[in-house]
Amino acid sequence: MKDSAKILCFGELLLHLAPDSEGNWLNEQSLKMYIGGAEYNVAAALSQWKNSVKLLTALPENFVGNQLEFQLKNKAIEILAEKNKGRIGTFYLSSDGDMQNASVVYDRFPSVFTQSDFETFSDDEIFSEAKWLHISTITPALSDNAFRKCLHIMKEAGTRNITVSLDLNYRALLWQNQNPHKIRELMPFVNVLMGNIWSVEQFLNIPIEYKLNGNFDDENLLKQAEKTVLQIQKQFPNVEKIANTFRFTNGEKVNYFATLFTDEQLLVSEKYNSDKIEERVGSGDSFMAALIHGILKGNPEQQILNDATKVAFKKLFVKGDTINESINIETL
236 MKDSAKILCF
246 GELLLHLAPD
256 SEGNWLNEQS
266 LKMYIGGAEY
276 NVAAALSQWK
286 NSVKLLTALP
296 ENFVGNQLEF
306 QLKNKAIEIL
316 AEKNKGRIGT
326 FYLSSDGDMQ
336 NASVVYDRFP
346 SVFTQSDFET
356 FSDDEIFSEA
366 KWLHISTITP
376 ALSDNAFRKC
386 LHIMKEAGTR
396 NITVSLDLNY
406 RALLWQNQNP
416 HKIRELMPFV
426 NVLMGNIWSV
436 EQFLNIPIEY
446 KLNGNFDDEN
456 LLKQAEKTVL
466 QIQKQFPNVE
476 KIANTFRFTN
486 GEKVNYFATL
496 FTDEQLLVSE
506 KYNSDKIEER
516 VGSGDSFMAA
526 LIHGILKGNP
536 EQQILNDATK
546 VAFKKLFVKG
556 DTINESINIE
566 TL
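In my numbering, the protein residues as written are 236 to 567.
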């Protein structure tokens with residue numbers, strides 16, 4: 236049975252077009268397509284794990300918007316959709332491509348989300364029954380209105396005693412014409428933070444001081460993780476939990492582990508590795524969803540970290556942007 240208190244996510248709903256990297260899609264005239272967007276990916280996993288979820292987003296006033304809204308309702312995600320005559324944002328990325336490098340092609344400016352003023356819904360409507368607010372750093376990068384809305388609802392969540400989580404996922408293409416340090420303005424309202432030592436450096440200007448050799452077994456990684464989180468807590472004492480993920484890929488090979496800083500302790504997960512992965516998109520979002528799920532369930536901190544790490548690793552073998560039924564957080 237679902238808890239009626241809801242996890243609220245705010246972000247852009249996207250269509251992910253996934254052509255194969257060899258170009259066969261052109262001859263076959265067939266293209267894989269997934270629903271995507273960082274906050275949607277988190278919402279979809281949480282809903283699958285029987286959490287009550289709602290998504291504040293924007294949809295076009297046409298059949299595409301209507302069908303997307305219907306699809307989300309089928310996934311038991313309540314949707315608050317700003318609507319206008321714009322178009323749905325899209326991005327192109329093959330399954331062997333990575334969101335963090337040049338192989339992603341965005342077609343999301345302008346979009347219904349970037350053109351929205353986010354004034355359709357009152358704060359009371361947005362926060363009705365909400366107990367948690369989740370945003371990623373992709374959303375405030377998209378428009379001045381989106382940045383202002385993030386700032387406003389994060390502040391408002393604090394006044395309503397609602398926990399706020401932020402995923403520091405850095406996308407260079409979204410920040411090429413603006414300063415990522417403006418994310419520091421959002422940080423005083425964050426309680427749970429996820430990212431990695433490199434994204435923290437980009438967004439929060441907290442430098443990597445240890446010399447790193449680029450390998451997953453570098454003992455300086457944990458030293459740097461601890462140094463980074465202590466700096467975050469010193470600057471932003473409201474941040475209670477800080478997760479760092481470490482994903483090292485070499486061709487098809489991957490090594491993966493994570494840390495969680497909580498109660499002045501740096502917890503470390505098991506390390507996972509594989510010679511081949513199926514999908515690079517959405518792993519971090521599934522980690523974030525598992526983190527939120529575990530915290531809300533009141534699970535022990537080490538279990539929260541272990542579950543989130545295992546979920547994120549398993550997502551590397553699930554095609555598309557979101558987890559599927561093969562990943563059940565209660566039976567990992």
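Note that CB positions come from ideal geometry on N, CA and C, so glycine has one too.
Just so we're clear, the structure is a prediction, and the values are computed from it rather than from any experiment.
For residue i, three-class secondary structure by DSSP
i, result
"I370", "strand"
"R482", "strand"
"F438", "helix"
"D556", "coil"
"F492", "strand"
"T355", "coil"
"A253", "strand"
"I323", "coil"
"T349", "coil"
"N541", "helix"
"G271", "strand"
"I314", "strand"
"L243", "strand"
"N450", "coil"
"V546", "helix"
"Q264", "coil"
"I388", "helix"
"G529", "helix"
"P375", "helix"
"P295", "strand"
"I512", "coil"
"I397", "coil"
"V425", "coil"
Length of the line joining the Cα atoms of residue i and residue j
i, j, result
"S351", "G430", "27 Å"
"A478", "L428", "6 Å"
"F481", "V553", "19 Å"
"W433", "I443", "7 Å"
"N259", "K237", "43 Å"
"N559", "E565", "14 Å"
"L261", "A253", "12 Å"
"F356", "L408", "30 Å"
"C244", "N426", "15 Å"
"T494", "K320", "43 Å"
"A376", "W410", "7 Å"
"E454", "Q466", "19 Å"
"V464", "V503", "13 Å"
"E257", "V474", "44 Å"
"E364", "I397", "10 Å"
"E505", "A460", "16 Å"
"D359", "W367", "14 Å"
"I312", "K318", "17 Å"
"G570", "E499", "Coverage of the chain is limited to positions 236 through 567, which leaves residue 570 absent and any answer about it impossible."
"K222", "I539", "The requested residue 222 does not occur in the structure, where the chain is confined to residues 236 to 567."
"T325", "G393", "32 Å"
"I512", "A524", "21 Å"
"S239", "V299", "29 Å"
Residue nearest to residue i in terms of C-alpha spacing, selected from the options
i, options, result
"N448", "W284, M422, L457", "L457"
"F471", "D255, A279, S434, E420", "E420"
"F496", "N440, Q537, R515, A525", "Q537"
"I314", "T494, I397, K241", "K241"
"H563", "N286, R322, T394", "The displayed chain sequence assigns Asn, not His, to residue 563. The option with the nearest alpha carbon to N563 is N286."
"N301", "Q283, R322, L281", "R322"
"H251", "N276, S239, E257", "N276"
"L526", "A278, G246, L249", "A278"
"V288", "N309, T544, L465", "N309"
"Q283", "H528, L540, V435, E513", "H528"
"D255", "K476, S338, I539", "S338"
"N440", "F424, N412, G393, Y405", "Y405"
"G271", "K532, D520, P535, N534", "D520"
"N508", "R395, Q500, E499, N485", "N485"
"K469", "E514, K511, P423, K446", "P423"
"T544", "L567, L531, S561", "L567"
Whole-number beta carbon distance between residue j and residue i, since they are thought to touch under 8 Å
i, j, result
"G517", "D542", "The Cβ separation is near 17 Å, so there is no contact."
"L290", "L303", "With 8 Å as the limit, L290 and L303 do not qualify as a contact, their Cβ atoms being about 11 Å apart."
"T349", "S378", "5 Å"
"F353", "K384", "4 Å"
"H416", "F438", "7 Å"
"F483", "F451", "4 Å"
"A280", "G246", "Not quite, the Cβ-Cβ distance comes to about 14 Å (not below 8 Å), so this is no contact."
Proximity test, residue i beta-carbon vs the ligand SAM heavy atom, cut-off 7 Å
i, result
"Y507", "This structure does not include the ligand SAM; it has no bound ligands of any sort."
Beta carbon proximity, residue i to chain C, threshold 8 Å
i, result
"D379", "Although the question refers to chain C, the structure presented lacks it and comprises just one protein chain."
Count the C-beta pairs between the segment 485-500 and the segment 531-550 that are closer than 8 Å, then say yes if the count reaches three, no if not. Yes, since at least three Cβ pairs between the segment 485-500 and the segment 531-550 fall closer than 8 Å, the two stretches touch.
Within 8 Å, do at least three Cβ pairs link the segment 259-268 to the segment 278-296? No, the segment 278-296 does not touch the segment 259-268.
Quick one: any contact between the segment 386-403 and the segment 340-351, if contact means 3 or more CB pairs under 8 Å? Touching, no.
Taking 8 Å as the cut-off, does the segment 357-371 touch the segment 397-405 (at least 3 CB pairs, one atom from each stretch)? Using a C-beta cut-off of 8 Å, the segment 397-405 makes contact with the segment 357-371, since at least three inter-stretch Cβ pairs fall below that distance.
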